[in-house]
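Participant: Below is a structure I'd like to ask you about.
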Amino acid sequence: MKLENGIYSAENIHDEIQNFVKTQEIGFGKIMMPLRLSIVGALHGPDIPLMMELLGKDEIEKRVQFFIDYSH
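When you read off a place in the sequence shown, starting at 1, and then add 19, the result is the number in our numbering.
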């Protein structure tokens with residue numbers, strides 16, 4: 020994820036997700052549900068950009084990669 024000014028903040032993460040959804044012309048739910056599931060392990064929970072900021076980029080990358088590797 021390329022963030023504005025390289026700052027891994029909830030605000031920048033949220034903006035980047037919105038930009039991705041817009042440029043890919045997909046629904047917000049199509050990206051947020053799998054992202055939430057990979058990060059917190061549930062379909063409902065805390066604010067995803069905030070969780071991503073709190074857990075940090077390295078931990079998020081590990082969780083998302085684990086989800087990708089084992090969701091098939």
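No residue lacks a Cβ here, since even glycine has one placed at the ideal position from N, Cα and C.
Just so it is clear, the structure is predicted and the values come from calculations on it, not from any experiment.
Rounded to whole angstroms, what is the Cα-Cα separation between PRO53 and VAL40?
Facilitator: 13 Å
Participant: Name the residue from PHE85, ILE87 and LEU73 whose alpha carbon lies nearest to the alpha carbon of GLU30.
Facilitator: LEU73
Participant: What are the boundary residues of the alpha helix (DSSP H) that includes ILE45?
Facilitator: No alpha helix (DSSP H) holds ILE45; DSSP gives it neither H nor E.
Participant: Residues in the same chain with beta-carbon distance under 8 Å from GLY64, minus the five sequence neighbours each way, listed in chain order, please.
Facilitator: ARG55 and MET70
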